[in-house]
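For reference, the structure is listed below as structure tokens.
Numbering (this note's numbering), first residue to last: 161 to 339.
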């Protein structure tokens, strides 16, 4: 039995969940998210919480059961609290050149600045010129945008320069040994 899928999803006050056939729509203070349910998985409401159920005990149904429960839980959390990923830029001359909530311009040691535009539902916040906060209500989209920013200059192991997640540890290597 799926341990993740069988746990009920608590719905906080101020969040409305509508299940229409195979589509789940979650509306909260921060916005609205919708998702189509995979397979024959169903979601039903029960006394202030949501229950995700599967039709049988096949391996595919078990996998989709836990996945669907996690996706719906992330939707509920996203519209009530939101998600954020924090990135830190490290290296001489590496910084955020210009920023708005919808776009970033990064100086990353190239001959040009790198322009990044946020997709709808994601915004940027720059507390310092070497720190980027990616915020939004869709967990997958926030993570993907943060990964795309990091991809421009991943941290390198010799000097540690690049863009990294705030909690990421970069394993450093020794350089060439001098005679």
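Even glycine gets a Cβ: it sits at the ideal position worked out from N, Cα and C. Since this is a predicted model, take the numbers as computed values, not measurements.
As a beta-bridge residue in DSSP terms, residue 323 pairs with 249. By the neighbour-count criterion, in which 16 or more other beta carbons inside 10 Å mark a residue as buried, residue 333 falls on the exposed side. For the 9 Å CB-CB criterion, residue 185 and residue 236 do not form a contact.
The closest CA to that of residue 191, considering only 230, 259, 296 and 272, is found on 296. The Cβ-Cβ distance between residue 284 and residue 264 falls below 9 Å. Residue 329 counts as exposed, since fewer than 16 other C-beta atoms from the protein chains shown sit within 10 angstroms of its C-beta.
Contact between the stretch 313-332 and the stretch 243-258 is present: 3 or more CB-CB pairs across the two stretches fall below 8 Å.
Cβ-Cβ separation between residue 231 and residue 199: approximately 12 Å, too far for a contact (criterion under 8 Å). Comparing C-alpha distances from residue 180 to each of 309, 197, 173 and 281 shows the shortest one belongs to 197. For residue 203, the three-state secondary structure derived from DSSP is strand.
Counting along the chain, the unbroken alpha helix (DSSP H) around residue 305 starts and ends at 299-311.
Taking residue 221 as the centre and dropping the five residues before and after it, the same chain places the C-beta of 199, 200, 201, 214 and 215 closer than 8 Å to its C-beta, in chain order.
For residue 296, the enclosing beta strand (DSSP E) begins and ends at 291-296.
Linking residue 166 to residue 204 through their CA atoms gives a straight-line distance of about 12 Å. If you draw a straight line from the Cα of residue 293 to the Cα of residue 257, it is about 15 Å long. By the Cβ neighbour-count rule, residue 299 is buried, with 16 or more other Cβ atoms within 10 Å of its own.
Scanning 282, 251, 320 and 188 for the CA closest to the CA of residue 172 turns up 188. In this structure, DSSP gives residue 182 a state outside helix and strand, which the three-state scheme calls coil.
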